[in-house]
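For the sequence shown, numbering that gives the first Met the number 0 gives the first residue as 0, with consecutive numbering after it.
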Amino acid sequence: MRLDEASGRSAAGQSWDRVFVPGAWLLANFSDLDRSRWPILWVIGLFCVQAVPATIIRASNLEEGRIIAMARGAVEDGHWLTPFIYGERFAERPVLLS
């Protein structure tokens, strides 16, 4: 590992410093939230930035409900080889059998 003569640090150490620059900046400016006029707005905004996209993505995934309905139908009716959803034959193969 080569050491930089000017700083006495290795090249890997210097590259880690470049990677963590945004985090160091964020931590240095984190105390500004204490002086902020309405810190609760920052908390609500951060929650919205994280929760709203996750909710939209999760709501668009409808495949899980179909799989549960097939499993429930197999248990209730005993159709273990041919999947049925709400009494109708499901033509596609279940995900676990693919």
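All C-beta atoms in this analysis are idealised placements derived from N, C-alpha and C, irrespective of residue type, glycine included. Note that the structure is a prediction, hence the values are computed from the model and not measured.
Requested in this report: With a threshold of 16 other CB atoms inside 10 Å of the CB of residue 21, please say whether the residue is buried or exposed.
Outcome: exposed
Requested in this report: May I ask you to verify whether the stretch 81-89 touches the stretch 63-72, counting CB pairs closer than 8 Å and requiring at least 3?
Outcome: yes
Query raised in the report: Using the C-alpha atoms, what's the distance from residue 50 back to residue 91?
Result: 33 Å
Query - CA-to-CA distance, residue 61 to residue 37, given in whole angstroms - result: 39 Å
Query raised in the report: Taking the C-alpha atoms as reference points, what is the distance between residue 28 and residue 14?
Result: 22 Å
Query - Where the alpha helix (DSSP H) containing residue 91 begins and where it ends - result: Counting along the chain, residue 91 falls outside any alpha helix (DSSP H), and DSSP gives it neither H nor E.
Query - Limits of the unbroken alpha helix (DSSP H) element including residue 37 - result: Taken as a continuous stretch (DSSP letters only), residue 37 belongs to no alpha helix (DSSP H), as it is neither H nor E.
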